[in-house]
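The structure appears right after this line, and notes come after that.
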Amino acid sequence: MPRAGIVTVAGKPNAGKSTLLNRIVGEKLSIVSPKPQSTRDRIVGIRSEGDVQMILLDTPGLLAPRYPLQHAMRGTAVAALSEADVILYVVDATSGPGEPIVELARLDQPPRAPVITVANKADLLTEERRSRLAAQRPDLVFISAATGDGLPGLFDRIAALLPDSPFFYPEDEISTQTVRFFTGELIRETALEQLEDEIPYSVACEIEEFRESQSPVYIRAVVYVERESQKRILIGAAGGRIREIGREARRKIERFVGAPIYLDLWVKVLPNWRRKVSALNRFGYHVPEQQSP
Ligand code: GDP
Ligand code: MG
0 MPRAGIVTVA
10 GKPNAGKSTL
20 LNRIVGEKLS
30 IVSPKPQSTR
40 DRIVGIRSEG
50 DVQMILLDTP
60 GLLAPRYPLQ
70 HAMRGTAVAA
80 LSEADVILYV
90 VDATSGPGEP
100 IVELARLDQP
110 PRAPVITVAN
120 KADLLTEERR
130 SRLAAQRPDL
140 VFISAATGDG
150 LPGLFDRIAA
160 LLPDSPFFYP
170 EDEISTQTVR
180 FFTGELIRET
190 ALEQLEDEIP
200 YSVACEIEEF
210 RESQSPVYIR
220 AVVYVERESQ
230 KRILIGAAGG
240 RIREIGREAR
250 RKIERFVGAP
260 IYLDLWVKVL
270 PNWRRKVSAL
280 NRFGYHVPEQ
290 QSP
């Protein structure tokens, strides 16, 4: 009998959840960034191997929400936890074994699904530190999402916890998200990379047009920021920075789509979009009802 189910990847921002998800799926699906909070929506990846299918949910970092975008992010993370068959709780092992997930996520009760606590970034641990942690917390599964170390063992553990079930998706499918969605994420990732800390988290991307029938594939995208001053920073002197972002994003999208593309990239201001439910919905972030301002 095959096994299949939902594996939710949770943990603090920057623990390496997106890197692990990409490793598991074997494709670059979730944006990876050294900046915390870069994964805003939940991303579905799928791994099918042998008679095991894992449907993976990435969660935005679990944090105490301060404004509507963060409410949306937390709501998404909590929902993904309640849907899970197995929870991979990823902790950055270089900062210790982490607090219990109930505390981190401020859940009213422990999650229904079994939790595997994954001590990530094991490549950065000394042998001594690792042994000490392992003695302290024998349940930890040490891995390195960056090098792939420890993953086969992790897969076996996950598989053992998944329910007997036929596959939910065809074997060759790696995601249910659209190419359009990933294109927007790649542009946002590139903007974040090149902006350093100048415009923290005020960047959203909307794909206005995606014409696959022509070659190169035509994509018109708008990068939204919250203020005119941010727009000027994003565009840069004589348009230099936005041109560079466009060039780099195009390279990534071409690799992802596997075809030449023409990227028509614009920058617009949508004042305070992170605090507006209508704008959040438009960018695909779902703000839970009761928490709307
Ligand atoms: P997320 O916020 O939990 O999704 O974290 P990311 O996957 O975006 O990773 C955060 C940072 O940690 C990035 O700079 C990654 O390259 C880095 N990282 C993730 N996993 C590992 C690992 O196993 N070893 C090392 N050395 N770095 C890692
Ligand atoms: Mg992430």
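Residue numbers (numbering that gives the first Met the number 0): 0 to 292.
Glycine included, every Cβ here is placed at the ideal spot set by N, Cα and C.
Owing to the predicted nature of the structure, the values given are computational and were not obtained by experimental measurement.
The C-alpha of Pro270 is placed about 11 Å away from the C-alpha of Ser228. For the set Leu56, Ser81, Ala133, the Cα lying nearest the Cα of Thr116 is the one of Ala133. Taking one beta carbon from each stretch, the region 3-18 and the region 126-141 have fewer than 3 pairs nearer than 8 Å; the two do not touch.
Taking a cut-off of 8 Å on C-beta distances, the region 67-82 touches the region 44-58, as three or more cross pairs fall below it. Contact between the region 245-260 and the region 177-195 is established, with three or more Cβ pairs separated by less than 8 Å. With respect to Leu124, Tyr284 sits apart: the two C-beta atoms are not nearer than 9 Å. Considering only Val140, Ala145, Thr146, the residue with the shortest C-alpha distance to Asp155 is Val140. The residue from Arg219, Leu150, Leu87 with its alpha-carbon nearest to that of Glu211 is Arg219. Counting every other CB atom within 10 Å of its CB across the protein chains shown gives Ala278 a total of 16 or more, marking it as buried. A distance below 6 Å between beta-carbons, with the five flanking residues on each side excluded, links Met53 to the following residues of its chain, in chain order: Val6, Arg46. When the Cα atoms are used, Val256 and Val24 turn out to be separated by approximately 17 Å. If you look at Phe166, you'll find it isn't in any beta strand (DSSP E); DSSP assigns it neither H nor E. Here Val178 carries a helix assignment [DSSP, helix/strand/coil]. In the three-state DSSP reduction, Glu184 falls in the helix class (H, G or I).
Between Lys230 and the set Leu264, Val51, Arg131, Val101, the nearest pair of CA atoms involves Leu264. Within the region 230-287, the complete beta strand (DSSP E) runs of at least 3 residues fall at 260-268. The residue among Val216, Pro215, Leu191, Arg246 with its C-alpha nearest the C-alpha of Cys204 is Leu191. DSSP places Val51 in the uninterrupted beta strand (DSSP E) bounded by 51-57. Where Arg210 is concerned, the enclosing beta strand (DSSP E) starts and stops at 203-210. Placement of the Cβ of Gly25 at a distance of 8 Å or more from every heavy atom of the ligand GDP is found. Burial check for Tyr66: the Cβ neighbour count within 10 Å stays below 16, so the residue is exposed.
Here the C-alpha atom of Asp163 lies approximately 22 Å from the C-alpha atom of Leu150. Less than 9 Å divides the Cβ of Leu160 from the Cβ of Val85.
Just so you know, the alpha carbons of Leu106 and Ala71 end up roughly 16 Å apart.
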